[in-house]
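Have a look at the structure below, then the notes.
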Amino acid sequence: MPFIGPWEIALIIIVVLIIFGPKKLPELAKSIGSAIRQYKQATEGFLGETETVPYQPSPKAVESKDERLILLETAKKLGIQTEGKTPEEISEEIVRRTQTKRARRSRKPVESGGEAR
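Numbering that gives the first Met the number 0 numbers the first residue of the sequence shown as 0 and each following residue consecutively.
If you want it as C-alpha coordinates, here you go:
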(Lines of atoms letter the chains of each structure in order from A; the text may use other names.)
(Lines give C-alpha, C1' and ligand atoms only; values in the text may rest on other atoms or scores of the structure.)
Protein backbone atom coordinates (compact mmCIF):
# COMPACT_ATOMS: atom_id res chain seq x y z
CA MET A 0 0.00 0.00 0.00
CA PRO A 1 1.52 3.35 -1.00
CA PHE A 2 2.28 6.06 1.53
CA ILE A 3 0.00 9.06 1.98
CA GLY A 4 1.67 12.05 0.38
CA PRO A 5 1.30 15.76 1.15
CA TRP A 6 -1.43 16.25 -1.51
CA GLU A 7 -3.57 13.49 0.02
CA ILE A 8 -3.19 15.02 3.49
CA ALA A 9 -4.18 18.47 2.15
CA LEU A 10 -7.24 16.95 0.45
CA ILE A 11 -8.29 15.23 3.70
CA ILE A 12 -7.97 18.51 5.63
CA ILE A 13 -10.08 20.36 3.04
CA VAL A 14 -12.81 17.70 3.18
CA VAL A 15 -12.83 17.84 7.00
CA LEU A 16 -13.13 21.66 6.90
CA ILE A 17 -16.03 21.45 4.48
CA ILE A 18 -17.89 18.79 6.49
CA PHE A 19 -17.39 20.21 10.00
CA GLY A 20 -16.76 23.89 9.34
CA PRO A 21 -13.99 26.07 10.79
CA LYS A 22 -15.83 26.67 14.10
CA LYS A 23 -16.19 22.98 14.98
CA LEU A 24 -12.63 22.04 13.97
CA PRO A 25 -10.92 22.95 17.32
CA GLU A 26 -13.60 21.04 19.23
CA LEU A 27 -13.13 18.03 16.95
CA ALA A 28 -9.33 18.14 17.40
CA LYS A 29 -9.76 18.32 21.18
CA SER A 30 -12.05 15.28 21.25
CA ILE A 31 -9.69 13.32 18.97
CA GLY A 32 -6.75 14.23 21.23
CA SER A 33 -8.57 13.10 24.38
CA ALA A 34 -9.60 9.84 22.67
CA ILE A 35 -5.99 9.14 21.70
CA ARG A 36 -4.82 9.94 25.25
CA GLN A 37 -7.41 7.58 26.77
CA TYR A 38 -6.42 4.86 24.31
CA LYS A 39 -2.73 5.20 25.25
CA GLN A 40 -3.53 5.12 28.97
CA ALA A 41 -5.66 2.01 28.54
CA THR A 42 -3.02 0.18 26.53
CA GLU A 43 -0.25 1.18 28.94
CA GLY A 44 -2.34 -0.05 31.87
CA PHE A 45 -3.00 -3.33 30.10
CA LEU A 46 0.66 -3.80 29.20
CA GLY A 47 1.69 -2.91 32.75
CA GLU A 48 -0.51 -5.69 34.09
CA THR A 49 0.85 -8.31 31.72
CA GLU A 50 4.51 -7.38 32.06
CA THR A 51 5.21 -8.73 35.51
CA VAL A 52 8.63 -8.88 37.07
CA PRO A 53 9.94 -12.43 37.19
CA TYR A 54 10.19 -13.96 40.66
CA GLN A 55 13.54 -13.37 42.27
CA PRO A 56 13.97 -14.99 45.65
CA SER A 57 15.38 -12.89 48.42
CA PRO A 58 19.04 -13.42 49.32
CA LYS A 59 17.90 -14.79 52.68
CA ALA A 60 15.81 -17.49 50.96
CA VAL A 61 18.72 -18.44 48.71
CA GLU A 62 21.04 -18.63 51.72
CA SER A 63 18.62 -20.87 53.60
CA LYS A 64 18.34 -23.20 50.58
CA ASP A 65 22.12 -23.32 50.27
CA GLU A 66 22.49 -23.96 53.99
CA ARG A 67 19.91 -26.73 53.84
CA LEU A 68 21.70 -28.37 50.89
CA ILE A 69 25.05 -28.18 52.68
CA LEU A 70 23.44 -29.62 55.79
CA LEU A 71 21.90 -32.53 53.85
CA GLU A 72 25.16 -33.25 52.00
CA THR A 73 27.12 -33.28 55.26
CA ALA A 74 24.58 -35.58 56.87
CA LYS A 75 24.74 -37.91 53.89
CA LYS A 76 28.56 -38.05 54.10
CA LEU A 77 28.32 -38.96 57.77
CA GLY A 78 25.64 -41.59 57.11
CA ILE A 79 22.90 -39.77 59.01
CA GLN A 80 19.25 -40.44 58.13
CA THR A 81 17.57 -37.13 57.26
CA GLU A 82 14.02 -38.19 56.44
CA GLY A 83 11.44 -36.79 58.83
CA LYS A 84 13.98 -34.66 60.71
CA THR A 85 14.08 -30.90 61.02
CA PRO A 86 17.24 -29.00 60.06
CA GLU A 87 17.92 -28.42 63.75
CA GLU A 88 17.74 -32.15 64.50
CA ILE A 89 20.05 -32.90 61.59
CA SER A 90 22.52 -30.26 62.81
CA GLU A 91 22.52 -31.72 66.32
CA GLU A 92 23.13 -35.20 64.94
CA ILE A 93 26.04 -33.91 62.83
CA VAL A 94 27.57 -32.24 65.90
CA ARG A 95 27.21 -35.44 67.93
CA ARG A 96 28.78 -37.56 65.21
CA THR A 97 31.73 -35.23 64.69
CA GLN A 98 32.35 -34.98 68.44
CA THR A 99 32.38 -38.76 68.82
CA LYS A 100 34.75 -39.09 65.86
CA ARG A 101 37.11 -36.53 67.41
CA ALA A 102 36.97 -38.34 70.74
CA ARG A 103 37.85 -41.63 69.05
CA ARG A 104 40.78 -40.05 67.23
CA SER A 105 42.21 -38.57 70.42
CA ARG A 106 42.02 -41.98 72.20
CA LYS A 107 43.98 -43.87 69.53
CA PRO A 108 46.88 -45.80 71.00
CA VAL A 109 50.34 -44.40 70.47
CA GLU A 110 52.36 -46.19 67.81
CA SER A 111 54.97 -48.62 69.06
CA GLY A 112 58.22 -47.09 70.19
CA GLY A 113 56.79 -43.74 71.18
CA GLU A 114 55.49 -42.28 74.38
CA ALA A 115 52.30 -40.38 74.94
CA ARG A 116 52.79 -36.73 75.76
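Quick reminder that beta carbons are idealized off the backbone N, C-alpha and C, glycines included.
For residue i and residue j, I'd like the C-alpha separation in whole angstroms.
i, j, result
"residue 106", "residue 99", "11 Å"
"residue 26", "residue 39", "20 Å"
"residue 24", "residue 10", "15 Å"
"residue 17", "residue 3", "20 Å"
"residue 8", "residue 14", "10 Å"
"residue 64", "residue 28", "60 Å"
"residue 74", "residue 104", "20 Å"
"residue 87", "residue 66", "12 Å"
"residue 5", "residue 12", "11 Å"
"residue 91", "residue 41", "58 Å"
"residue 37", "residue 82", "59 Å"
"residue 116", "residue 102", "Any reading at residue 116 must be qualified, since the residue scores a pLDDT of 47, below 50, and its modelled position is unreliable; the value itself is stated next. Taking the straight line joining both Cα atoms gives about 17 Å."
"residue 33", "residue 20", "20 Å"
Short of 6 Å in beta carbon distance, which residues of its chain neighbour residue i, apart from the five on each side in sequence? Order them along the chain.
i, result
"residue 31", "none"
Pop quiz: residue i and residue j are said to be a contact at Cβ under 8 Å. What is the actual Cβ separation, rounded to whole angstroms?
i, j, result
"residue 93", "residue 79", "7 Å"
"residue 71", "residue 96", "Their Cβ separation, rounded to whole angstroms, is 14 Å, which puts residue 71 and residue 96 out of contact at 8 Å."
Mind checking if residue i is an interface residue toward chain D, Cβ cutoff 8 Å exclusive?
i, result
"residue 9", "Structure shown: chain D not included; a single protein chain is present."
In chain order, what residues of the same chain lie with their CB nearer than 7 Å to the CB of residue i, ignoring the 5 residues before and after it?
i, result
"residue 85", "none"
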